[in-house]
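**Q**
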Amino acid sequence: GEGREGKAALSATNHLRKASMEAAIGLIEQAKGASGEQRDALLERLLTLVRGVIEAPEMLEELLPIVLELQEDECWRSFIAHFVEGCCLRRPSLLLSAIETLRSLARDTDVAVLKALIQCASSLYRTVLMFACSEDSEVADAELSDLWKEWRALCNAIMAMVSHPESVVRSCALKFVETSALLLTTSDDYDSQDLDALDQAGNEWTLQSIPAVHSVLDVSDLRQQGEACVSLLARVAKGEGEAGVQTMLVALNSLGRVSRKRTHLLSQIEPHLGEALTMSRPGIPSQHIQYLHMTLKSIFLGLLKLPSCSAYAAVLGEHLHSLGADVVAEAARRQMEKARAMSTRTRGVKRSGHPGVLEREREAGKRQRGMPQSALGSMQPNLPLSRPVEEWQPSVLAELIVTAMANYPPALPPHLIDVADTPLHMWPPRLAFPSLNKDARARDVPDEGDGAEVWEKGGAASASADNMRSKAL
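Just so you know, the sequence shown maps onto residues 69 to 541 in our numbering.
1. Looking only at its own chain, which residues have a Cβ that is under 8 Å from the Cβ of SER366, when we skip the five neighbours before and after it?
2. Buried or exposed: THR331, going by 16 or more other Cβ atoms within 10 Å of its Cβ?
3. Per DSSP, what kind of secondary structure is MET89 in: helix, strand or coil?
4. Give the list of continuous alpha helix (DSSP H) stretches no shorter than 4 residues that lie fully inside the stretch 100-182.
5. Apart from the five residues on each side of it in sequence, which residues of its chain come closer than 7 Å, Cβ to Cβ, to ILE278?
6. Just verifying my parser: in three-state terms, what is the DSSP assignment at ARG220?
7. By the 10 Å Cβ neighbour count, where 16 or more other Cβ atoms means buried, how is ALA166 classified, buried or exposed?
8. With a cut-off of 8 Å, do at least 3 Cβ pairs link the stretch 333-343 to the stretch 352-361?
9. By DSSP, does VAL54 sit in helix, in strand, or in coil?
10. I'd like the list of long-range same chain contacts for ARG401, defined as Cβ closer than 8 Å, with 5 residues on each side in sequence excluded.
11. Compare the beta carbon distance of LEU334 and THR363 with 7 Å and say whether it is the shorter of the two.
12. Count the other C-beta atoms from every protein chain shown that fall within 10 angstroms of the C-beta of ALA210, then say buried if there are 16 or more, exposed otherwise.
13. Would you check if the distance between the CB atom of LEU173 and the CB atom of LEU185 is smaller than 7 Å?
14. Nearest-angstrom Cα distance between LEU215 and ALA208?
15. Quick one: what's got a C-beta closer than 6 Å to LEU138's C-beta in the same chain, skipping five residues either side?
16. Taking only the alpha-carbon atoms, compute the straight-line gap between LEU128 and PRO160 and give it to the nearest angstrom.
17. Would you mind stating whether SER190 and THR247 have Cβ atoms separated by less than 7 Å?
18. Rounded to the nearest angstrom, what separates PRO452 and TRP460 at their Cα positions?
19. Please report the straight-line C-alpha distance between GLN293 and GLU97, rounded to a whole angstrom.
20. Among the residues of its own chain, which have a CB less than 6 Å from the CB of ALA397, if the five just before and after it don't count?
21. Quick one, are the C-beta atoms of LEU131 and LEU110 less than 7 Å apart?
22. Exposed or buried, what is ILE148 when buried is set at 16 or more other beta-carbons lying within 10 Å of its beta-carbon?
23. Select from GLU308, GLU90 and SER378 the residue whose C-alpha is nearest the C-alpha of ALA344.
24. Could you have a look at HIS332 and say whether DSSP puts it in helix, strand or coil?
25. Taking only runs of the alpha helix (DSSP H) that begin and end inside the stretch 336-395, which ones reach a length of at least 4 residues, in chain order?
26. How about VAL237 and LEU301: do their beta carbons lie closer than 7 Å?
27. Is it the case that the Cβ atoms of VAL318 and LEU242 are separated by a distance below 7 Å?
28. Rounded to whole angstroms, what is the Cα-Cα separation between ASN271 and LEU360?
29. Is the beta carbon of LEU212 closer than 7 Å to that of THR169?
30. Does GLU459 come out as helix, strand or coil in the three-state DSSP assignment?
31. According to the neighbour-count rule (16 or more other Cβ atoms, all chains shown, within 10 Å of its Cβ), is LEU197 buried or exposed?
32. GLU295 by DSSP, collapsed to three states: which one?
33. Does any residue of chain C have a CB that is nearer than 7 Å to the CB of VAL383?
34. Report yes if the CB atom of SER235 is closer than 7 Å to the CB atom of GLN314, and no otherwise.
35. Within a Cβ cutoff of 6 Å, which residues of the same chain sit near GLN403, ignoring the five residues on either side of it in sequence?
36. In or out: ARG463 buried (at least 16 other Cβ within 10 Å) or exposed?
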């Protein structure tokens with residue numbers, strides 16, 4: 069029965085693969101004879117078909133060479149970039165046969181082709197790294213090395229487009245630089261927000277997923293490339309290289325997103341942002357300078373709200389003061405302090421403490437659960453609630469405190485204070501030197517009468533003091 073079901077499933081898959089392949093070939097043939105909007109609609113249907121291939125991804129291996137042969141026709145070149153993106157996301161091994169086509173598209177002069185190519189490269193960057201680190205890949209090291217060299221050459225060609233004459237290409241290239249910076253600058257030290265994000269992301273691939281020893285990839289080299297991307301964004305944001313105002317705004321926004329998502333780079337990014345705020349721009353109209361200042365104000369406010377940027381609160385507040393945004397800066401700082409306090413409490417709840425601390429906390433919880441709930445409630449009728457607390461009798465306060473101390477732990481938790489390191493001069497005399505006090509009282513011990521009863525009470529208090537100090541230590 070299982071054999072027949074397996075054959076039926078295989079037959080259905082082959083049928084679906086054949087039908088999908090015939091539909092794709094039919095769309096390609098129709099698009100060859102069409103033009104304008106009709107051809108665009110057919111190509112969009114073909115992309116939808118490729119992106120929806122789930123049951124038979126092997127079909128893409130047969131279909132990709134057919135499409136790559138059409139790159140000589142200029143009207144197909146932008147579509148080829150999108151088609152390669154869809155195929156390689158579903159079948160990363162197809163990068164080996166498509167990388168040469170992507171390199172040739174990078175030498176094109178058409179704006180639509182370059183825009184499609186940059187979007188394709190931005191989408192595939194993580195896929196390339198994952199494919200290079202995949203243990204299931206059967207690609208030889210030599211082929212993998214050639215693929216990585218070609219990919220790095222493609223990335224360098226795209227990064228050089230930040231100075232392209234067309235503003236659309238420059239903006240797309242800056243978005244690619246931003247994507248590269250975010251991908252290649254992951255920090256080793258995660259704060260609470262990063263840990264929560266990783267928990268939500270599950271097994272998402274990061275730079276730390278690269279093995280320590282790899283035949284092609286070098287983590288330190290990739291980090292340097294990521295820092296170079298950040299430096300490139302900073303140079304464009306400051307107007308170097310005769311960048312226009314629109315390009316500078318795009319670079320500033322990208323730099324702001326990188327600084328918010330990679331706060332460990334803020335020590336490198338903040339000086340560039342401050343320089344972009346204070347540098348003189350004689351050739352730029354005042355209205356454009358106002359746009360730049362509004363963008364910087366939004367970036368500084370976004371950073372000031374992050375608890376992980378609390379060390380830079382004074383610097384960010386100074387920048388906002390120079391922009392005349394003192395009120396919103398104070399509101400953002402308070403929001404940051406509130407979020408920081410909440411994250412601290414969350415870490416306190418989630419922290420994995422020392423086993424001894426956890427055991428004492430469990431014992432305290434057991435004592436608290438075992439304590440009668442009416443311990444304090446039974447005293448309520450005797451409390452003078454109508455009078456201020458300052459006018460209560462000392463005996464009532466003492467009884468109330470002693471009753472409430474049943475919920476206290478037997479000792480101070482070591483993660484709060486180390487009592488053993490507390491100097492003796494900071495202890496009360498009766499706790500710091502209980503034996504001396506006992507000896508002093510011993511010299512004045514009465515032989516009989518009421519004084520003996522008083523001494524017995526004093527001796528009990530001294531013993532209690534010894535027990536309190538030894539228990540605390």
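All C-beta atoms, glycine included, are put in the ideal place defined by N, C-alpha and C.
**A** Let's see:
1. Result list for SER366: GLY324, in chain order.
2. So THR331 ends up on the buried side.
3. helix
4. 104-119, 127-136, 145-158 and 163-173
5. CYS201, LEU285 and VAL287
6. helix
7. buried
8. Contact between the stretch 333-343 and the stretch 352-361 is absent: fewer than three C-beta pairs spanning the two stretches fall below 8 Å.
9. The structure shown does not extend to residue 54, since the chain is modelled only from 69 through 541, so no value can be given for it.
10. Contacts found: LEU372, ALA381 and GLY385.
11. The answer is no: Cβ separation not under 7 Å.
12. exposed
13. yes
14. 11 Å
15. TRP144
16. 11 Å
17. yes
18. 7 Å
19. 43 Å
20. Taking C-beta separations shorter than 6 Å and ignoring five residues to either side along the sequence, the partners of ALA397 in its chain run GLY385 and LEU388, following chain order.
21. LEU110 is positioned such that its CB atom lies no closer than 7 Å to that of LEU131.
22. buried
23. GLU308
24. helix
25. Runs of alpha helix (DSSP H) with 4 or more residues, each lying fully within the stretch 336-395, are found at 354-372 and 381-390, listed in chain order.
26. No; because the gap between Cβ atoms is not below 7 Å, this pair is not in contact.
27. yes
28. Any reading at ASN271 needs caution, since the residue's pLDDT is 45, under 50, leaving its predicted position unreliable; the model's value is listed next. Going from the Cα of ASN271 to the Cα of LEU360 covers about 38 Å.
29. no
30. helix
31. buried
32. helix
33. The structure shown contains no chain C; it holds only a single protein chain.
34. yes
35. If the five residues before and after GLN403 are omitted, its C-beta is found closer than 6 Å to the C-beta atoms of LYS373, all from its own chain and listed in chain order.
36. Reading off the sequence, residue 463 comes out as Ser, not Arg. Burial check for SER463: the Cβ neighbour count within 10 Å stays below 16, so the residue is exposed.
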